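A.B. asks:
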Amino acid sequence: MRLLPARLPESPGGDDGAAVPPDHGQLIGRSFYIYTRVRTAVVLAIVAAAVFGRHVLGMNAIDVRQLTILAAFITLYNVVAWFFFRRYRDPDAPAESLTVLLFLTYAAVVLDFIALTIAIWFVGGARSPFTSFYVLHVMVSCTLLPRRAALALTALAYALLVGLVAVEWTGLATPTIPVGAVAGDGPLDARYAFTILVVNGSLFAMSAFLLLAITRSLQNLEQRMRLANGELVRLSQQRKDFLNIAAHNLRAPLGAVTMLLDNMRGGLAGATTEKQRDWLDRSLKRLGDLSDFMRGIQTLASLETDIIQTQFSRVDLGAVAGRLVDEYEDVAAERGHTLLLEVPERVPPVVGHDRLLQEALVNYVTNAIKYTPSGGRIAVRVLSRPPMVRVEVSDNGPGIAPEEQGRLFQEFFRVPGGGDKPNRIKGSGLGLSIVRRVVLAHGGRTGVESEPGKGSTFFMELPALVE
């Protein structure tokens, strides 16, 4: 039998690309800056082609004035786009204001589709060879933009094409059809042959130019990612070394000092006064806090190694929770709390490191004891939520403000003013960070559900065992 954790369910939204990482934002900005240059060339080409087609090729139906007005409209919004995207002339320019960046990008693409549709209407309608330019815009959108936006813009392009066909087919309006700009019934018209070659040559050239530019930007981004990953590996190794050295070098002297002071407190070094015993109690209390901190450092050090997953085995979270409730029931009672255990008869096991999972749950339980006012009710629950097993620690304490909840699992963060002052125990701020790291190492997730004045529920969800 092979022990495997179940696969985590996908988060809502999947890969819809709603969130765009900053580096990808820089890629979008760089690519659409290049696109503004291409659009400038397109404007010039529209005017030049209109004049050339009418006065050189004899396509008298071409309305130069209308196409010039359209070119002016494209120029107007292209200037706005260039003004924003011009900072991306530098390939290494960082992306700023992703919301504005994406809004302008979407707006520019939508306006491009509208302008293209109008241009097609002026040079043949649904029969115009220029309809192939829809593909260019769709290709660029799907390459650069988030999945949902790219699909929406693709649907828009198709809707505009359907509109062109429907309007002409139903006779609602008649497009301008210059002779030689669209295919006729007779032999191949030289003007149409020239149009086909120019249109497709332009499409090929623009596609190649844009895709090569995007490829260069991707290669530049990939190079920066490799360098950044190398730096992260170096920093991660330094972190591992520091944690191991700190845990190793401080453990022995800390234990020795604690033992000596404890012996003095017990009278082994002679009688002590009440004031001296108070000093010793305070010192031992501080050493206890430091010992807890070092245990956290040691846990972090073990999580930084790749060996941890080789020590995974079947873990019964119900049994782990039961042991902790038995161990901390008296501690909770000293503060006037009631510590309860709620475990159903059958809970699927998980695959994990028993000691680390117990350490994670200890942090939840001790935090509830610390921060719940005297006379509180603390419940430890183990629930089966296929394909996950969920462990909750709920209390009826003061609750946590929404603005603080997102930072709870960060290292060294502590909720300001938490707990009763007489019962408050200063912590290292590592506890919840350790919980998060332990659970992530097991392929699970952590979280908190809380409202000010209504208590808190801290939870961890771990993949159930697949046998």
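Note that numbering that gives the first Met the number 0 has the sequence shown beginning at 0, numbered continuously upward.
Quick reminder that beta carbons are idealized off the backbone N, C-alpha and C, glycines included.
All of these numbers come straight from a predicted model, not from anything done at the bench.
Suppose the cutoff is 6 Å on Cβ atoms and the five residues either side in sequence are ignored; what does the same chain contact list for L461 look like?
C.D. replies: V349, V388, H441 and G443
A.B. asks: Under three-state DSSP, which class holds R238?
C.D. replies: The answer is helix: DSSP assigns R238 an H, G or I state.
A.B. asks: Using the C-alpha atoms, what's the distance from H136 back to G57?
C.D. replies: A straight-line Cα-Cα distance of about 30 Å links G57 and H136.
A.B. asks: Within the continuous beta strand (DSSP E) that includes P462, where are the two ends?
C.D. replies: S455 to P462
A.B. asks: Three or more C-beta pairs closer than 8 Å, one from the segment 62-73 and one from the segment 249-258: is that the case here?
C.D. replies: no
A.B. asks: Tell me which same chain residues have a C-beta within less than 8 Å of the C-beta of F458, skipping the five on either side of it?
C.D. replies: Excluding sequence neighbours, F458 sits near R389, V390, E391, V392, T445, G446, V447 and E448.
A.B. asks: Report the residue from R376, V346, P343 and R380 whose alpha carbon sits nearest the alpha carbon of L360.
C.D. replies: R380
A.B. asks: Just tell me which of Q297, A378, A207 and A318 has its CA closest to the CA of E328.
C.D. replies: Restricting attention to Q297, A378, A207 and A318, the CA atom closest to the CA of E328 is found in A378.
A.B. asks: By a C-beta neighbour count over all protein chains shown, 10 Å radius and 16 as the cutoff for buried, is R423 buried or exposed?
C.D. replies: Only weak support is given to the placement of R423: the predicted model assigns it a pLDDT of 45, under 50, and the question is left unresolved by the model.
A.B. asks: According to DSSP, is I377 part of a helix, a strand, or is it coil?
C.D. replies: Strand.
A.B. asks: Less than 7 Å separating the beta-carbons of V139 and L209?
C.D. replies: yes
A.B. asks: Applying the 10 Å Cβ sphere with the 16-neighbour rule, what's the burial state of V437?
C.D. replies: buried
A.B. asks: Does DSSP put S127 in a helix, in a strand, or in coil?
C.D. replies: coil
A.B. asks: Could you pull out every residue in the same chain whose Cβ sits closer than 8 Å to the Cβ of P451, ignoring the five residues on either side in sequence?
C.D. replies: P397, G398, I399 and A400
A.B. asks: State the DSSP-derived secondary structure class of F384, mapped to helix, strand or coil.
C.D. replies: According to the sequence displayed, residue 384 carries Arg and not Phe. The answer is strand: DSSP assigns R384 an E or B state.
A.B. asks: Is T337 helix, strand or coil by DSSP?
C.D. replies: strand
A.B. asks: Who are the near neighbours of G123 in its chain, counting only those whose CB is closer than 6 Å to its CB and skipping five residues on each side?
C.D. replies: I176, A180 and V181
A.B. asks: Anyone know if the C-beta pair for G454 and N395 falls short of 7 Å?
C.D. replies: yes
A.B. asks: On the DSSP letters alone, give me the boundaries of the alpha helix (DSSP H) that T153 sits inside.
C.D. replies: R146 to T169
A.B. asks: In three-state terms, what does DSSP make of V314?
C.D. replies: strand
A.B. asks: Where does R423 sit, in a helix, a strand or coil, going by DSSP?
C.D. replies: Reliability of the predicted coordinates at R423 is poor, the pLDDT of 45 falling under 50, and the value obtained from them is presented with this limitation in mind. Coil.
A.B. asks: Drop a sphere of 10 angstroms on the beta-carbon of L464, count the other beta-carbons inside from all chains shown, and report buried for 16 or more, exposed for fewer.
C.D. replies: buried
A.B. asks: Which term fits S216, buried or exposed, when burial requires 16 or more other beta carbons within 10 angstroms of its beta carbon?
C.D. replies: Buried is the call here.
A.B. asks: Less than 7 Å between C-beta atoms, sequence neighbours within five positions excluded: which residues of the same chain meet that for M205?
C.D. replies: V37 and L135
A.B. asks: Alpha carbon to alpha carbon, how far is L163 from D188? Give it in angstroms, no decimals.
C.D. replies: 24 Å
A.B. asks: Could you tell me the alpha carbon to alpha carbon distance between R223 and D291, rounded to whole angstroms?
C.D. replies: A direct Cα-to-Cα measurement between R223 and D291 gives close to 40 Å.
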